[in-house]
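In full-length UniProt numbering, the protein residues as written are 1 to 347.
Cβ atoms here follow ideal geometry from the backbone N, Cα and C, with glycine treated the same way.
Quantities reported herein were computed from a predicted structural model and do not represent experimental measurements.
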């Protein structure tokens, strides 16, 4: 059985202990850097600031005699007043400790501050909340630092986004430069052969026809010698554009070097390829190229070859087209010639 022994501490001893405790609490009240306040809750729902520690008095800017026993609404200014009072009501309603962050101003000040506040309700004998003990820490400097950091991060993100866009644009330009011939706008040699080989592989799978053209601008050296290399570049530039205009979107045209071009015509047999070749010849010779107020007349010669079973690669097919091109040049230029071939790929 538990037995309770009388306390050996005398009444005078208890008084000394209480004085010591009160001294500790008084020291904390006076020296604590955060704001401590005691608010009474009236029966009509109002809140009265009964007392606050020196840190809060200094912050408010009023002596102790002018802060005690004053309605909170007189000490909290502007639009923040109702927000603070609503926090108090919520704590009273719940009857439990309540933590929140508030933003506001104090009397006779326009400066906006941020506080992290803890409210602890104190109940009376009847169970009603009679007082609210509050501790508020000014976190304005922290929030300002966070805002500066947020803005710096936002600025950094904008710079990163801008830099990323610049890099993407630069990469796109590099891909464009690698993919297309910068002068004529047609595919570069490497890309042309890659696409042509893919078209050949697809043609083999589908047992479809495919034709190739090798074409060359006639007497192009004479253009450079007579008009200058700048004029020659202009002819190549406009020729590339004019050739592309005559072809389908599925056709593949590339610059193989100098004034020489190659064209792959997927799903086109020799007869249709010859018609395209004639169309290209007409497009070149019927319209001279303008240069510094004058006209430079040019024509092209074309070799045509349809894919046969003997063409093991795109290079083999283009070689046969190139031989036909030599024949066209030997026959007077400004014309096309069809390469001889056997075992054409059947449809």
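Going by beta carbon distance, what residues of the same chain come within less than 8 Å of residue i, once the five residues before and after it are set aside?
i	result
residue 139	101, 114, 115 and 116
residue 197	313 and 314
residue 99	116, 117, 118 and 119
residue 218	298, 299, 300, 301, 329, 333 and 334
residue 285	297, 298, 299, 300 and 334
residue 258	220
residue 95	121, 123 and 129
residue 326	303
Can you check whether the CB of residue j is closer than 8 Å to the CB of residue i?
i	j	result
residue 212	residue 262	yes
residue 252	residue 244	no
residue 72	residue 49	yes
residue 148	residue 121	no
residue 200	residue 215	no
residue 191	residue 179	yes
residue 283	residue 242	yes
residue 320	residue 339	yes
residue 246	residue 279	yes
Please report how far the alpha carbon of residue i lies from the alpha carbon of residue j, in whole angstroms.
i	j	result
residue 220	residue 300	9 Å
residue 233	residue 183	7 Å
residue 226	residue 287	19 Å
residue 17	residue 76	39 Å
residue 307	residue 158	54 Å
residue 79	residue 30	31 Å
residue 135	residue 25	14 Å
residue 155	residue 111	26 Å
residue 97	residue 137	16 Å
residue 127	residue 63	34 Å
residue 42	residue 90	15 Å
residue 248	residue 264	11 Å
residue 175	residue 324	33 Å
Using 10 angstroms around the beta-carbon of residue i, count the other beta-carbons present and answer buried if the total reaches 16, otherwise exposed.
i	result
residue 87	buried
residue 186	buried
residue 274	buried
residue 255	buried
residue 22	exposed
residue 304	buried
residue 28	exposed
residue 44	exposed
residue 167	exposed
residue 268	buried
residue 84	buried
residue 240	buried
residue 277	buried
residue 380	In this structure the chain extends from 1 to 347, so residue 380 is not present and cannot be described.
residue 125	exposed
Going by beta carbon distance, what residues of the same chain come within less than 7 Å of residue i, once the five residues before and after it are set aside?
i	result
residue 296	223, 227, 231, 235, 288 and 289
residue 32	53 and 55
residue 195	187 and 252
residue 19	none
residue 317	212, 305, 307 and 311
residue 331	337
residue 322	214 and 303
Which residues in the same chain as residue i place their Cβ atom closer than 6 Å to its Cβ, once the five residues preceding and following it in sequence are excluded?
i	result
residue 171	none
residue 40	48, 50 and 131
residue 203	210
residue 81	73
residue 250	266
Is any heavy atom in the ligand MN found nearer than 7 Å to the beta carbon of residue i?
i	result
residue 244	No copy of the ligand MN appears in this structure; indeed no ligand is present at all.
- Task: Please determine if the stretch 40 to 57 and the stretch 66 to 83 are in contact, where contact requires at least 3 C-beta pairs separated by less than 8 Å.
- Result: yes
- Decide yes or no for the touch test of the stretch 124 to 132 against the stretch 140 to 147: beta carbon pairs closer than 8 Å, at least 3 of them. no
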